[in-house]
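Student:
In our numbering, the protein residues as written are 26 to 108.
1. Just checking, does the region 35-55 make contact with the region 71-83 on the three C-beta pairs under 8 Å criterion?
2. Since residue 31 contacts residue 41 with CB under 8 Å, what's their CB separation in whole angstroms?
3. Using a 10 Å radius around the Cβ and a threshold of 16 neighbouring Cβ atoms, would you call residue 58 buried or exposed?
4. Within the continuous alpha helix (DSSP H) that includes residue 30, where are the two ends?
5. Is it right to say residue 74 is buried, meaning 16 or more other beta carbons lie within 10 angstroms of its own, or is it exposed?
6. Out of 69, 106, 105, state which residue places its alpha-carbon closest to the alpha-carbon of residue 96.
7. Taking the alpha-carbon positions, what's the residue 51 to residue 60 distance?
8. Take residue 64 as the anchor and find which of 71, 28, 104, 43 has the nearest alpha-carbon.
9. Between residue 101 and residue 46, which are expected to be in contact by the criterion C-beta below 8 Å, what is the C-beta distance as a whole number of angstroms?
So, in C-alpha cells, the structure goes:
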C-alpha cells in the first residue's frame, strides 16, 4: 500500500492511484538517472478504512461501492496479484 493507494482508499475513490513513469526530456536522456527511494507500508494487521465523512458522501452516489475495512496485508496481496 503506497501513498497513492492509501489516498484512494481513505478518500473512498475520489482520489485515485495510478501507475506513472517520467521519461527524461531531450538532452537529459544522455545522462544516467538516479533515485533515492524510501519504501514503507503499514503493518500486516493494520486495518485500512475509508474516512467516515467521505464514505458517507460516496455512499450517496448510486454507482460507488467501496470495500473498506481490510487488513494491509490483504490489500497488498490483492494489489500485487492484479498488477
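Where is the CB? At the ideal position from N, CA and C, for every residue including glycine. As the structure is a computational prediction, the values presented were derived from the model and not from experiment.
Tutor: Inspection of the coordinates gives the following:
1. With the cut-off at 8 Å, the region 35-55 and the region 71-83 touch.
2. Locating residue 31 in the chain shown gives position 6, where the first residue counts as 1. Locating residue 41 in the chain shown gives position 16, where the first residue counts as 1. The pair is not a contact, with the Cβ atoms about 12 Å apart (cut-off 8 Å).
3. Translated into positions along the chain shown, residue 58 becomes position 33. So residue 58 counts as exposed.
4. Start at 1 with the first residue of the chain shown, and residue 30 comes out as number 5. Its alpha helix (DSSP H) spans residues 28-35.
5. Position 49 of the chain shown holds residue 74. With fewer than 16 Cβ atoms within 10 Å of its Cβ, residue 74 is classed as exposed.
6. The sequence position of residue 96 within the chain shown is 71, counting from 1. It is 69 whose Cα lies nearest to the Cα of residue 96.
7. Residue numbering aside, residue 51 sits at position 26 when the chain shown is read from its first letter. Residue numbering aside, residue 60 sits at position 35 when the chain shown is read from its first letter. C-alpha separation (whole angstroms): 19 Å.
8. If you number the chain shown from 1, residue 64 lands on position 39. With distances taken between Cα atoms, residue 64 lies closest to 28.
9. Taking the first residue of the chain shown as position 1, residue 101 is located at position 76. Taking the first residue of the chain shown as position 1, residue 46 is located at position 21. The beta carbons of residue 101 and residue 46 sit about 21 Å from each other, so the pair does not count as a contact at 8 Å.
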